[in-house]
Structures are given as C-alpha cells and as structure tokens.
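Below you'll find the structure, written out as structure tokens, and then a few comments.
Residue numbers (my numbering), protein chains in the order written: chain A, 1 to 374; chain B, 1001 to 1059.
Here you go:
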C-alpha cells in the first residue's frame, strides 16, 4: 500500500503510487501520520502508535484510520493498461501524400483524406518538402468505421475513436520524436503540455491553463529573438533529464492575430487553418531555428506558470511547486514506469518555479530574458 | 433537496476527477490527487463547438 517513490519538496511531500500512476501531494505532518499507518501491523497498533508518537487521541485516531485506508485504496487502484489487439486493418490506397524534412530526417505521411490531413499537417506545414525521398519513415493515417488508424512503416501503432482525435495527434507527435531522436516510448519521462523556450545553455518551460496564452507568449518571445524549443508538447528524456526540440510551427489563434501581425513581417502570408475546434482560426508561425540550427536538447531547471490578463499589473514572482504540479501533472503524459517516475521526481527537486502575470508584452519578454541570465 | 445537493456534489467530484486533479479534504488533512494523462495528447480534447468530424464528436 506504500508509495513506490516519494520526495520532499519545500514543505510538501509528493508521493507516487505505481498501480494508479497517481501523484499525491500532502503536508509533512500528514505524511508522518501516513507513515505511522504504513509501519503499523494492525489497526490497534496504529492507534497506539499515533497516541504514543504524535499524541493523537483514540477517537481522532479512528477517524484518521478510516480516512487513510480509504485514501490508500484510491491511490493503489489499478489502471487498466490492457493494450488492444487488432487484426491488421487493410491499408487503403492513398492519394494524399506529403514529405516533411527536419534537419537530416525526412518522413512521408500518407493521409486517408483531406479531413485527416487537417488533423496533422497544419502544424508541420513549415517542414514540408518538395523532394520525394525513398526508403524513409513512412506514416499512414486514415479513418475506418469510427476509428482513426496510425501506422508507421507498415507497423500498426494504434487506433483511436474519432472523437478522440487529440490522442491520434499526440501519438503521432510521440512517433515523430521517437524517429527524430531514435528513442522509444519508455525512453521518455514525460511529454508535457507546455511550451519551452531556450538559449544555447538552458531551457525555460512555460505552463498555464488552456487559454492562458502559452503559445502566444512563445510567439512574442520568438519575435524578440528567443528560440522556441517546443510549442505545446515538450518531451523530457530519461537518459539525461533534458527537454527536447519539438520542431512544429507555433499555433496562434485568431484573437492574437492583430497583436502578432506587426511582430512578424510575413504574418499575412502564413496560411489560416480552421482549428480542430470549429470556431477558431489558427496560424502556425514557423520556428526561428530548425533542427540543424538550434540545440536539440537542453537542461530545464526553470518553469513559469503564465497568465495573460489585459487588466492585470504585470508581475513575476517565485512560487511553491504545488501550483506548478497542479497544472503540469494533470495536463501531461507522464510515463507510468517506476524508473521514469523516479526520474521525474528527481527532476522536480532541482526546479525553480515562477508565476508570471502579465498585460505588458515587453515586461513578459524582459522577465523571461532575465531568467536566462539568473 | 438534500438528495439533489448530494447529486450535485458527486457530479462536481467526477468533473474534477476528469480534469485529473482533486483535493480530498479530510479530518486528517488535504490529499491533493493528481492524475497524469494516460496517453500523449495534443490540442484541446474537444471544444464545445465540436470536433473536426462534426458536433457529435464531443462527449
């Protein structure tokens, strides 16, 4: 019933439970009580130890006993990891074929329809190549019945209910970073729902709730010469605990077009795509540096919770890790493997956490630049 | 009335669980429970306006 790993971060303890892949944040005092529970061989021993070690009376102890045992049941509830076995679907004939180049790597994507292409292509449009190369990584993406299929070099990767197309997009993103960096899923600690900017020495991760303006801020930073390592999808590798470049375009929504237009001379020339959500148009701003020009991976020890609010006074301050974890963990895929979870907790130990509330772009740019020099 | 409130609470808890985080407030203290995503994902799972394959796509 005990957590497989735990780590003390400032005044909190973070516990990780292997069966559920849940992270649980508790106070140091509560952790003391939970430890007494875990170390006790019987209920009566727990109640005695509570009284003896922490001076907690029997009636309170009984309440704690029920609550802790309930909590441990939740924390240890197994996640269903069963992988689906599918009889290989026939790969249909493809009319829509595109080639994309990332530094020394090229891939070919065979799309089942224009609709399917619209799910993947827009964010990679900047990497499109006119050269038809043979013997390269070959992806097939198509819809059959109510499922979206992803096949890589004739190997079945997965199928996703049509309504969960964001999982197809995520799985494609994973396959792409695996290809670019010669890795497999278990080589990654996490793929964070975060944008990451960098200089040549280090990376700074930007997180925030949906609509907080992570991508818009990334675009603003890029217009000021800052390299965007990843937009919206930041992979963290297990072998060096570094974040890796995800060379997609930066997605910006209609609401920010007017503000961004003066910052990018070619802004009007970037094509407008209909977002996967119906009422929003998006543009993808090509990254400042491609795979060969910028560092492909860097250490990241600073993480910033960003929030744009046109009526706020711009401020940046150091914050506790709890707020960062509340946003970062539920929005991200974190490897359920015990060794990777341990690395994730180790990575957290070195993090400096900040909160940036801004209405003034220049303030935001100056604040992030200052973090690189601190 | 009481039953209605209870139902509302359950719905709220379920909603928070779906968001991947919820705080269990107990006499012994607060457990902040954080669930990572089970798979890699990109973009908004499903906006109220509907998905690319029609409005029925939204759960």
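Note that CB positions come from ideal geometry on N, CA and C, so glycine has one too. It should be emphasised that the depicted structure is a prediction, and the values quoted were computed from it without experimental measurement.
**Study point:** Contact the segment 1026-1045 of chain B vs the segment 327-338 of chain A: 3+ CB pairs below 8 Å
**Key:** yes
Point to revise | C-alpha gap between residue 249(A) and residue 109(A), whole angstroms | key: Position 249 of the first chain, counting from 1, holds the residue named residue 249(A). Position 109 of the first chain, counting from 1, holds the residue named residue 109(A). Approximately 17 Å between the Cα atoms of the pair.
Review point. Which residues in the same chain have their Cβ closer than 7 Å to the Cβ of residue 361(A), if we skip the five residues on either side of it in sequence?
Key: On the first chain, residue 361(A) is found 361 positions in, with the first residue counted as 1. Excluding residues within five positions, the ones whose Cβ falls inside 7 Å are 220.
Check your understanding: Hey, is the segment 195-211 of chain A in contact with the segment 291-298 of chain A, meaning 3+ C-beta pairs nearer than 8 Å?
Key -> yes
Check your understanding: Residues in its own chain within less than 8 Å of residue 337(A) by CB, not counting five upstream and five downstream?
Key -> Working through the first chain from its first residue, we reach residue 337(A) at position 337. The residues are 186.
**Study point:** 9 Å Cβ cutoff, residue 2(A) in contact with chain B
**Key:** For the purposes of this step, residue 2(A) is taken as residue 2 along the first chain, with counting starting at 1. Taking Cβ atoms only, chain B never reaches closer than 9 Å to residue 2(A), which makes this a no.
Check your understanding: What does DSSP give as the partner residues of residue 203(A) in its beta bridges?
Key -> In the first chain, counting from the first residue as 1, residue 203(A) sits at position 203. DSSP lists 198(A) and 300(A) as partners of residue 203(A).
Check your understanding: Buried or exposed: residue 1027(B), going by 16 or more other Cβ atoms within 10 Å of its Cβ?
Key -> By 1-based counting over the second chain, the position of residue 1027(B) is 27. Classification for residue 1027(B): exposed.
Exercise for review: Would you mind telling me which residues of chain A sit closer than 8 Å to residue 1025(B), beta carbon to beta carbon, in chain order?
Suggested key: Position 25 of the second chain, counting from 1, holds the residue named residue 1025(B). Those within 8 Å of residue 1025(B) in chain A number zero; the least Cβ separation is about 10 Å.
Point to revise | Expected contact under 8 Å - CB spacing of residue 325(A) and residue 23(A) to nearest Å | key: Numbered from its first residue, the first chain carries residue 325(A) at position 325. Numbered from its first residue, the first chain carries residue 23(A) at position 23. With 8 Å as the limit, residue 325(A) and residue 23(A) qualify as a contact, their Cβ atoms being about 7 Å apart.
Review point. Should residue 364(A) be labelled buried (16 or more other beta-carbon atoms within 10 Å of its own) or exposed?
Key: Taking the first chain and counting its residues from 1, the one referred to as residue 364(A) is at position 364. Result: buried.
Practice item. Give every residue of the same chain whose Cβ lies closer than 7 Å to the Cβ of residue 181(A), excluding the five residues on either side of it in the sequence, and list them in chain order. Key: Counted from its first residue, the first chain places residue 181(A) at position 181. Answer for residue 181(A): 244, listed in chain order.
Review point. Are the segment 148-155 of chain A and the segment 202-222 of chain A touching by the rule of at least three beta carbon pairs closer than 8 Å?
Key: no
Review point. Between residue 219(A) and chain B, is there a C-beta pair that is closer than 9 Å?
Key: If you number the first chain from 1, residue 219(A) lands on position 219. Answer no: the Cβ-Cβ gap between residue 219(A) and chain B never drops below 9 Å.
Check your understanding: What is the residue span of the beta strand (DSSP E) that residue 246(A) lies within?
Key -> Here residue 246(A) refers to the residue found at position 246 when the first chain is read from its first residue. First-last for residue 246(A): undefined, no H or E at that position.
**Study point:** Terminal residues of the alpha helix (DSSP H) in which residue 229(A) lies
**Key:** Working through the first chain from its first residue, we reach residue 229(A) at position 229. Where residue 229(A) is concerned, there is no enclosing alpha helix (DSSP H), although the beta strand (DSSP E) it sits in stretches over 227-230.
Practice item. Please list the partners that residue 173(A) has in chain B, where partner means a Cβ-to-Cβ separation under 8 Å. Key: Locating residue 173(A) in the first chain gives position 173, where the first residue counts as 1. 1040 and 1042, listed in chain order.
**Study point:** Test item: CB-CB of residue 26(A) and residue 1030(B) under 9 Å
**Key:** Translated into positions along the first chain, residue 26(A) becomes position 26. Translated into positions along the second chain, residue 1030(B) becomes position 30. Yes, the Cβ-Cβ distance between residue 26(A) and residue 1030(B) is below 9 Å.
Check your understanding: Do residue 288(A) and residue 227(A) come within 9 Å of each other at the CB atom, strictly closer than that value?
Key -> Numbered from 1 along the first chain, position 227 holds the residue referred to as residue 227(A). Numbered from 1 along the first chain, position 288 holds the residue referred to as residue 288(A). For residue 227(A) and residue 288(A), yes; Cβs fall inside 9 Å.
Exercise for review: Could you tell me how far apart the beta carbons of residue 207(A) and residue 327(A) are, in whole angstroms, since I believe they sit closer than 8 Å?
Suggested key: Here residue 207(A) refers to the residue found at position 207 of the first chain. Here residue 327(A) refers to the residue found at position 327 of the first chain. At roughly 5 Å, the Cβ-Cβ gap stays under 8 Å, so residue 207(A) and residue 327(A) are in contact.
Review point. Tell me which same chain residues have a C-beta within less than 6 Å of the C-beta of residue 45(A), skipping the five on either side of it?
Key: Numbered from its first residue, the first chain carries residue 45(A) at position 45. So the list is empty, once near-sequence residues are dropped.
**Study point:** Contact under 9 Å by Cβ, residue 137(A) with residue 107(A)
**Key:** In the first chain, counting from the first residue as 1, residue 137(A) sits at position 137. In the first chain, counting from the first residue as 1, residue 107(A) sits at position 107. Result yes, Cβ atoms of residue 137(A) and residue 107(A) sit closer than 9 Å.
Practice item. Pull up the distance between the alpha-carbon of residue 40(A) and that of residue 320(A), whole angstroms please. Key: Mapped onto the first chain, residue 40(A) falls at position 40. Mapped onto the first chain, residue 320(A) falls at position 320. Cα-Cα distance, rounded: 32 Å.
Check your understanding: Between the C-alpha atoms of residue 358(A) and residue 230(A), what's the straight-line distance to the nearest angstrom?
Key -> Here residue 358(A) corresponds to residue number 358 of the first chain, with the count starting at 1. Here residue 230(A) corresponds to residue number 230 of the first chain, with the count starting at 1. The straight-line gap from Cα to Cα measures roughly 21 Å.
Point to revise | Minimum C-alpha distance to residue 37(A) - residue among 28(A), 2(A), 20(A) and 14(A) | key: In the first chain, counting from the first residue as 1, residue 37(A) sits at position 37. Considering only alpha carbons, the answer is 2(A).
Point to revise | residue 51(A) (DSSP reduced to helix, strand or coil) | key: Reading the first chain from its first residue, position 51 is the one you call residue 51(A). Helix, per DSSP.
Point to revise | Any beta strand (DSSP E) of 3 or more consecutive residues that is wholly inside the segment 152-179 of chain A | key: 155-161
Point to revise | chain B contact for residue 333(A) (CB, 9 Å cutoff) | key: As a first step, residue 333(A) must be located in the first chain, where it is residue number 333. Residue 333(A) counts as touching chain B.
Exercise for review: Kindly indicate which three-state DSSP category residue 95(A) falls into: helix, strand or coil?
Suggested key: If you number the first chain from 1, residue 95(A) lands on position 95. DSSP places residue 95(A) in coil when its eight states are reduced to three.
Practice item. Check the Cβ of residue 170(A) against every Cβ in chain B and list those closer than 9 Å, keeping chain order. Key: Numbered from 1 along the first chain, position 170 holds the residue referred to as residue 170(A). Within chain B, the residues near residue 170(A) are 1037, 1039, 1040, 1041, 1042 and 1043.
Practice item. Just tell me which of 265(A), 293(A), 310(A) and 238(A) has its CA closest to the CA of residue 399(A). Key: Since the first and last residues shown for chain A are 1 and 374, residue 399(A) lies out of range.
Exercise for review: Give the interface partners of residue 30(A) over in chain B, defined as CB-CB distance under 8 Å, in chain order.
Suggested key: Residue mapping note: residue 30(A) aligns to position 30 of the first chain, counting from 1. Going along chain B in sequence order, the residues near residue 30(A) (Cβ under 8 Å) are 1028, 1029, 1030 and 1031.
Check your understanding: Which one or two residues does DSSP pair with residue 139(A) in a beta bridge?
Key -> On the first chain, position 139 is the one that residue 139(A) refers to. Paired residues: 109(A) and 152(A).
Practice item. With 9 Å as the threshold, decide whether the Cβ of residue 157(A) is near any Cβ in chain B. Key: For the purposes of this step, residue 157(A) is identified with residue 157 of the first chain, where counting begins at 1. No, no contact with chain B.
**Study point:** Element boundaries [alpha helix (DSSP H), containing residue 361(A)]
**Key:** Here residue 361(A) corresponds to residue number 361 of the first chain, with the count starting at 1. Unbroken alpha helix (DSSP H) run through residue 361(A): 361-373.
Practice item. Rounded to whole angstroms, what's the CA-CA distance from residue 128(A) to residue 163(A)? Just pull it up for me. Key: Numbered from its first residue, the first chain carries residue 128(A) at position 128. Numbered from its first residue, the first chain carries residue 163(A) at position 163. Spanning the two alpha carbons is a distance of roughly 27 Å.
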